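Asks: The numbers in the sequence shown follow the working numbering, run straight up by one, and end at 146. Don't be surprised by glycine CBs; every beta carbon is placed ideally from N, CA and C. As the structure is a prediction and not an experimental result, all values here were calculated from the model. The structure is given below, and queries will be raised subsequently.
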Amino acid sequence: TGAIGVSNFCSQCLECVGRVATVTPHVNQFQYHAGMPGADPGGLVSFSEAFGTRVQAYRPLAHGEGSLLADPTVKAIGRAHGKSSAQVALRWVVQLGQPLVTSTENPSHMVGDLDIFDWALTDEEMGMLSGLDTHPDDPVSTMCVL
Numbered sequence: 001t002g003a004i005g006v007s008n009f010c011s012q013c014l015e016c017v018g019r020v021a022t023v024t025p026h027v028n029q030f031q032y033h034a035g036m037p038g039a040d041p042g043g044l045v046s047f048s049e050a051f052g053t054r055v056q057a058y059r060p061l062a063h064g065e066g067s068l069l070a071d072p073t074v075k076a077i078g079r080a081h082g083k084s085s086a087q088v089a090l091r092w093v094v095q096l097g098q099p100l101v102t103s104t105e106n107p108s109h110m111v112g113d114l115d116i117f118d119w120a121l122t123d124e125e126m127g128m129l130s131g132l133d134t135h136p137d138d139p140v141s142t143m144c145v146l
């Protein structure tokens, strides 16, 4: 049988694959980060999971030094934990149970990106981050939309 993964598939495209493929996609990788807003933008996370497809977040820092990492709420949460805004944003994704991919060529950023597993955001902080609307990305804007 084997396994397949897809990127930027909307719910309609996942359904189309489901009608013709012999294997359900194991992963749907799409842009996913705090500030989109909400933990389930457009219902795509819940749809993918109900379909049996795991979500993988790419671009979990939005667009790097953009409005998410500069947001006062994100910065304040970082200060409270002794972490950077990037670490707060990455921790939000991980704490929601979603795997992520990020990239950097900067060795200190690599170390920082991995320093997100020995601490946790509070329920209140998770709610605050889920409620942000700092980056008006539409997760389906980069997807195939039927």
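Compute the Euclidean distance between the alpha carbons of phenylalanine 117 and phenylalanine 30, then round it to the nearest angstrom.
Replies: Phenylalanine 117 and phenylalanine 30: Cα-Cα distance of roughly 22 Å.
Asks: Quick one: residues in its chain with C-beta nearer than 8 Å to the C-beta of glutamate 49, no 5 flanking neighbours on either side, listed in chain order?
Replies: Same-chain partners within the cutoff: Val55.
Asks: Thinking just about the alpha-carbon of each residue, which of Arg59, Pro25 and Thr73 is nearest to the one in leucine 100?
Replies: For leucine 100, the nearest C-alpha among the options comes from Arg59.
Asks: For the pair the segment 102–114 and the segment 77–88, tell me if three or more CB-CB distances fall below 8 Å.
Replies: At 8 Å Cβ cutoff, the stretches touch.
Asks: Sorted by chain position, which residues of the same chain lie with C-beta nearer than 6 Å to isoleucine 77's C-beta, five sequence neighbours on each side aside?
Replies: Same-chain partners within the cutoff: Val88 and Glu125.
Asks: Taking C-beta to C-beta, are glycine 5 and valine 23 nearer than 8 Å?
Replies: Going by C-beta atoms, glycine 5 is not nearer than 8 Å to valine 23.
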